[in-house]
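This report concerns only the one structure given below.
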């Protein structure tokens, strides 16, 4: 039996550090099992690529982790990861801001549906409960993100879904910004670690 999104998130949050978290597959987890430990941090030797913020960014987003309530009928997903220095040191109180299209491919331009931010915890972890966005005309499926460590520059980028047919036709798609996806018993879990 596959674990649920919440059990995978609970396992992610139970890991004591990024060095222990490594890259994992939610399919290998069960609701009762511990996360398999890896010996060292991986994929954190280069800064995360920046990309355009797009035309629908809105400043002053609310402090919010649960976006799924904004689109109750859509397919749910948990996005999670770390914000790290290039030496794999986790960054506490880094800003992570997320916004994306809804299940119909539209962005909320009047309010803050499917928009919000949070700050990483002492272990550099961030997570959002949200939905899988629909395709926006001319683009592949994606999330928009801004990340800023305390006192640092703002990284603006986009995250992409693996295996999307539109990836190769999207003019700004970059494989280095692919989410690591896992199926769970109740939809999806995705991970991405930002290096700033």
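In my numbering, the protein residues as written are 152 to 347. Just so you know, even glycine gets a beta-carbon here, dropped at the ideal spot from N, CA and C. As the structure is a prediction and not an experimental result, all values here were calculated from the model.
Taking the alpha carbon of residue i as the point to measure from, which residue in the options has its own alpha carbon closest?
{"i": "residue 247", "options": "255, 291, 198 and 301", "result": "301"}
{"i": "residue 220", "options": "199, 250, 265 and 212", "result": "265"}
{"i": "residue 234", "options": "305, 216 and 276", "result": "276"}
{"i": "residue 222", "options": "256, 238 and 335", "result": "256"}
{"i": "residue 209", "options": "287, 262, 217 and 226", "result": "262"}
{"i": "residue 343", "options": "227, 326, 317 and 217", "result": "326"}
{"i": "residue 317", "options": "285, 239, 341 and 346", "result": "285"}
{"i": "residue 312", "options": "299, 295 and 332", "result": "332"}
{"i": "residue 226", "options": "297, 240, 214 and 282", "result": "282"}
{"i": "residue 339", "options": "230, 207, 205 and 202", "result": "230"}
So, with DSSP's three-state summary, where would you put residue i?
{"i": "residue 320", "result": "helix"}
{"i": "residue 251", "result": "coil"}
{"i": "residue 326", "result": "helix"}
{"i": "residue 337", "result": "coil"}
{"i": "residue 217", "result": "strand"}
{"i": "residue 185", "result": "Note that residue 185 has pLDDT 32, beneath the 50 cutoff, so the model's placement of it is unreliable and the number below is only indicative. Residue 185: coil per DSSP, three-state reduction."}
{"i": "residue 226", "result": "coil"}
{"i": "residue 279", "result": "strand"}
{"i": "residue 266", "result": "strand"}
{"i": "residue 241", "result": "strand"}
{"i": "residue 298", "result": "strand"}
{"i": "residue 305", "result": "strand"}
{"i": "residue 172", "result": "The predicted model places residue 172 with a pLDDT of 47, which falls under 50 and marks its position as unreliable; any figure quoted below should be read in that light. Helix at residue 172."}
{"i": "residue 231", "result": "strand"}
{"i": "residue 246", "result": "strand"}
Let me confirm a value: residue i is counted as buried when at least 16 other C-beta atoms fall within 10 Å, else exposed. Which label applies?
{"i": "residue 292", "result": "buried"}
{"i": "residue 305", "result": "exposed"}
{"i": "residue 323", "result": "exposed"}
{"i": "residue 199", "result": "buried"}
{"i": "residue 267", "result": "buried"}
{"i": "residue 320", "result": "exposed"}
{"i": "residue 241", "result": "buried"}
{"i": "residue 290", "result": "buried"}
{"i": "residue 314", "result": "exposed"}
Who does residue i pair with in a DSSP beta bridge?
{"i": "residue 199", "result": "In the DSSP output, where bridge partners are listed per residue, residue 199 has none listed."}
{"i": "residue 331", "result": "342"}
{"i": "residue 310", "result": "294"}
Roughly how far, in whole angstroms, is the beta-carbon of residue i from the beta-carbon of residue j, given that I think they are within contact range, below 8 Å?
{"i": "residue 381", "j": "residue 217", "result": "With the chain covering 152 to 347 only, the question about residue 381 has no answer from this structure."}
{"i": "residue 271", "j": "residue 244", "result": "6 Å"}
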